[in-house]
Amino acid sequence: MTKKTVLIVILIVFIVSLIGASKFINNYLENNLLSDSNENSSLSDEITGNNTSILEDKSGETNIIEEDAKMVKLTNENFEEEALKSEKTVLVDFYADWCGPCQMMSPIIEKIAEENKDIVVGKINIDEEENLAVRYNVMSIPTFIVIKNGQEVNRIVGVVSKSKIEEIIK
């Protein structure tokens with residue numbers, strides 16, 4: 000075998016190992032982040048029970064509406080009304096579609112919205128709403144900010160458990 004062939008084989012083995020490790024880590028995180036000490040549900044169980052409707056308003060903006068939950072897509076245009084002027088506590092999820100950790104957190108955030116009807120859960124795509132990300136000094140995603148009476152009262156960054164997010168909402 001030539002050196003080039005050996006290097007190609009090593010590279011292929013390395014890539015396959017990375018893919019396997021990535022799948023293992025994703026499965027581990029999904030199973031452990033979605034379950035609290037008293038719950039043993041899988042990611043598919045969490046997603047299956049969710050009834051999501053996606054509605055477009057007159058401007059063409061897409062708003063996510065959850066049955067039995069208040070979950071909205073926040074934009075520069077509706078942020079003040081939906082988040083700052085809300086009478087309810089607002090959990091704001093700063094995310095991006097390309098962000099793996101954000102995708103891992105999405106079912107958890109949906110479950111929190113479903114279980115906590117006394118809060119509003121807002122999602123802000125930082126690629127579409129850069130001004131809001133800058134305004135709230137979001138440097139890493141996912142970032143979760145809790146707003147009460149128009150003021151930020153708590154913040155947490157990164158992949159965290161459902162119970163940790165519920166803790167900062169209280």
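Take 0 as the starting number for the sequence shown in numbering that gives the first Met the number 0 and just add one per residue. Glycine included, C-beta positions come from ideal geometry on N, C-alpha and C. Treat the numbers as computed from the prediction; the structure is a model and nothing was measured.
How far does the alpha helix (DSSP H) with residue i in it reach, from first residue to last?
i: I168; result: K161 to I168
i: N130; result: E129 to R134
When DSSP builds the beta bridges, which residues end up paired with residue i?
i: N153; result: V145
i: G19; result: None, per the DSSP bridge assignment.
i: I123; result: F93
What is the C-beta distance between residue i and residue j, in whole angstroms, given that I count them as a contact (C-beta under 8 Å)?
i: I167; j: I155; result: 5 Å
i: V89; j: I146; result: 4 Å
i: K84; j: G149; result: 7 Å
i: V140; j: C98; result: One detail in the question is off: residue 140 reads as Ile in this sequence, not Val. I140 to C98, Cβ: 5 Å. Contact.
i: K123; j: K161; result: Checking the sequence, you will find Ile at residue 123 rather than Lys. With 8 Å as the limit, I123 and K161 do not qualify as a contact, their Cβ atoms being about 20 Å apart.
i: P100; j: G157; result: 7 Å
i: K125; j: A82; result: Going by the sequence as given, residue 125 is Ile instead of Lys. With 8 Å as the limit, I125 and A82 do not qualify as a contact, their Cβ atoms being about 15 Å apart.
Beta strand (DSSP E) containing residue i: first to last residue?
i: N115; result: Here N115 belongs to no beta strand (DSSP E), and DSSP marks it neither H nor E.
> Do the segment 98–111 and the segment 72–84 make contact, defined as three or more Cβ pairs closer than 8 Å?
Replying inline: Touching, no, given that fewer than three Cβ pairs across the two stretches are closer than 8 Å.
> Which whole runs of the beta strand (DSSP E) in the segment 62–98 are 3 residues long or more, in chain order?
Replying inline: Under the rule that a run must span 3 or more residues, the beta strand (DSSP E) segments found entirely inside the segment 62–98 read 69–72 and 88–94.
>> Counting beta carbon pairs with one atom in the segment 129–136 and one in the segment 112–120, are three or more of them shorter than 8 Å?
In response: When Cβ pairs closer than 8 Å are counted between the two stretches, the segment 112–120 is seen not to touch the segment 129–136, the count staying below three.
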